[in-house]
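Heads up, the thing below is written out as structure tokens.
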Amino acid sequence: MSGAYFPKPGFDSEDDFGRDLHTEHQVLNMGPSHPATHGTVKFLIELDGENIVNLDIQVGYLHRGFEKECEAGTWYQAVPYTDRLNYNSAVLANVAFCLAVEKLLGIETPERCQWLRVMASEISRVADHLTRCGAACLELAAMTPFLYGIEARELTWDHLEMLCGARVTSNYVRIGGVKHEMPEDFPASCRGYIARTRELLADFDSMVTGNRIFIDRLKDTGVIDRETCLRYAVTGPMLRSTGVPLDMRKDEPYLVYDEIDFDVPIGEVGDNYDRYLVCVEEMHQSLRIIEQCLVKLEQLGPGPVNVTDPRIRWPAKEGVFNRMEELIQQFKSVTEGPRVPAGEAYTAVESANGELGFYLVSDGSAVPVKVRCRPPSFINLPPMAKMLEGALLADLIPTFDFINMVGGECDR
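Numbered continuously in this note's numbering, the sequence shown closes out at residue 484.
Shown next, in the form of structure tokens:
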């Protein structure tokens, strides 16, 4: 019949087409053991279709009492625990803790030690950013750039092992110094690593930075403004992506960062794409810093990498094996450790995720009274719920990747 109206099942009249139908929001549980979260975190997501209405972030699944573990042993015994915070860049946590203890002790490490610490820190930062950017590409089904990132990370870990003795949890930084001097062939090998990493970053950049799909997935998603960042005390690449050039290495220099020439990259709008660009440029800046460290270490020549105080410095192994005095000193250092003067201190460093700090309290004994960690992963995660209000479900994982929450650091 021409012009006839055939109502669909469930509707009584044409007026019903304008009726607001009642639909229930779907609640989706994601995690706590989901392959895309790269850790143990649970998202309770309220969805209206594909749009996120509400997001509840539940952490703590990897809590193992880090701070109390540190308070149960000597100052030395706490250092390996710091390795297990952000295991993508463990050296940075070593440095933060040891600087806080050295502040209580009132000591300053030799200049050569400080340059070695900076170099190890920046190699760790590169490894962390490669993990972040590579994982994000993998989640977006960009397999080839992921492999470029993983190859660069393997080279990075190989040289971290060459310098520190281990690829991931190295326990390289010690109270009063570092574990050992860099190998003789390290500078030449490291320069080759820097050149190859720059080539891989260029390949990575050519494949994804201007890629239309990559831009569409990251541009204007996970947006956060500088006021929200400051209200939540967010630091690191998340804050710098909003245009705030806050970097502990520049604003409150530690070690020898005030002698190093490097830039602090910033973004404009604070979206996932800006965070990606900031992380990539930070890797280039870290490679610049590593080059300057190599030049300076060669200029300084051979020298001590630990303080000379025998109450703090562990004796050399050849002495322990051949002389009774060093053997006794080794025994006392391992079983008791240094007695740190009574007081309290806070020291922070610029980790791959932002300000990583340690607040320590000593009563003058060989055991800490209080160890308090400021983990950037824990601080930076809460704004994620606000960043994803009204966003698509598909935007959740890229946003989480570039926040770079590491379970060991967040949950402690």
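The beta-carbon is built from N, C-alpha and C at its ideal position, and this holds for glycine as well.
Quiz item: According to DSSP, what are the bridge partners of Cys445?
Solution: Looking at the DSSP assignment, Cys445 forms a beta bridge with Phe430.
Quiz item: With 16 other CB atoms within 10 Å as the buried threshold, where does Arg484 fall?
Solution: Classification for Arg484: buried.
Quiz prompt | Residue interval of the beta strand (DSSP E) (run including Val173) | solution = Judged by DSSP secondary structure, Val173 falls outside any beta strand (DSSP E) and instead within the alpha helix (DSSP H) spanning 162-177.
Quiz item: Does the distance from the CB of Ile247 to the CB of Val173 come in under 8 Å?
Solution: Taking 8 Å as the Cβ cut-off, Ile247 and Val173 qualify as a contacting pair.
Exercise. Starting from Gly249, follow its DSSP beta bridges and name the residues at the other end.
Key: In the DSSP secondary-structure assignment, Gly249 is bridged to Arg246, Asn378.
Quiz item: For Phe115, is the beta carbon positioned less than 7 Å from some heavy atom of the ligand MN?
Solution: For the structure depicted, the ligand MN is absent and the ligand set is empty, with no information on it obtainable.
Quiz item: Would DSSP call Ser423 helix, strand or coil?
Solution: Ser423 falls in the coil class under three-state DSSP.
Self-check item: Three-state secondary structure (DSSP) of Thr112
Solution: In the three-state reduction of the DSSP assignment, Thr112 falls in the strand class.
Quiz item: Would you report the Cα separation of Leu164 and Phe393, rounded to the nearest angstrom?
Solution: The straight-line gap from Cα to Cα measures roughly 32 Å.
Quiz item: Using DSSP with H/G/I as helix, E/B as strand and the rest coil, what is Phe89?
Solution: Caution is warranted here: a pLDDT of 45 is assigned to Phe89, below 50, making its placement in the model unreliable, and the coordinate value is therefore given only provisionally. Three-state DSSP puts Phe89 in a helix.
Exercise. If I'm right that Arg383 touches Pro410 with Cβ under 8 Å, what's the distance once you round it to whole angstroms?
Key: Confirmed, Cβ separation roughly 5 Å.
Exercise. Output the distance between the C-alpha atoms of Pro79 and Arg347, rounded to the nearest integer angstrom.
Key: Bear in mind that the predicted position of Pro79 carries a pLDDT of just 40, short of 50, making it unreliable; the figure below should be weighed with that in mind. One alpha carbon belongs to Pro79, the other to Arg347, and they sit about 51 Å apart.
Practice problem: Please state if the CB of Trp187 and the CB of Cys365 are separated by a distance shorter than 8 Å. | Solution: Contact flag set, yes.
Quiz prompt | Cβ contact (3+ pairs, closer than 8 Å) linking the segment 299-317 and the segment 452-461 | solution = The segment 299-317, when compared against the segment 452-461, does touch it at the 8 Å Cβ threshold.
Self-check item: Per DSSP, the bridge partner or partners of Ile451
Solution: For Ile451, DSSP assigns no beta-bridge partner whatsoever.
Quiz item: With respect to the alpha helix (DSSP H) encompassing Met456, which residues constitute its N-terminal and C-terminal limits?
Solution: Where Met456 is concerned, the enclosing alpha helix (DSSP H) starts and stops at 456-459.
Quiz prompt | Close-in-space but distant-in-sequence residues of the same chain around Thr314 (CB under 7 Å, 5 per side omitted) | solution = These residues qualify, in order along the chain: Ile296, Asp297, Arg298, Cys301, Gly339, Gly342.
Self-check item: Length of the line joining the Cα atoms of Leu372 and Cys185
Solution: Going from the Cα of Leu372 to the Cα of Cys185 covers about 11 Å.
Practice problem: Give every residue of the same chain whose Cβ lies closer than 7 Å to the Cβ of Glu408, excluding the five residues on either side of it in the sequence, and list them in chain order. | Solution: These residues qualify, in order along the chain: Thr146, Ala438.
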